[in-house]
Amino acid sequence: MTYEQHLDEVATLLFERYDQSEEDAIKLVMAAQADD
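Residue 307 is where the sequence shown starts when you use the numbering used here, and the numbers rise one by one after that.
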């Protein structure tokens, strides 16, 4: 699994399991990436 695929999986889990909107889930993943 590539890093990008992993981030996509994380965004999908946030969207599906934690009732985040798809847009918010992507924003959270992007913010986490920026903190690296």
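C-beta: ideal position from N, C-alpha, C; glycine also.
Keep in mind that this is a model prediction, so the values were computed, not measured.
- [ ] Could you pull the start and end residues of the alpha helix (DSSP H) that Y309 belongs to?
- [x] 309 to 323
Task: Residue burial classification, L319 (beta-carbon count within 10 angstroms, cutoff 16) - done: exposed
- [ ] Count the other C-beta atoms from every protein chain shown that fall within 10 angstroms of the C-beta of A331, then say buried if there are 16 or more, exposed otherwise.
- [x] buried
TODO: Please classify A338: is it buried, with 16 or more other beta-carbons within 10 angstroms of its beta-carbon, or exposed?
DONE: exposed
Open item on the list: Which residue marks the beginning of the alpha helix (DSSP H) containing D330, and which one marks its end?
Closed with: 328 to 340
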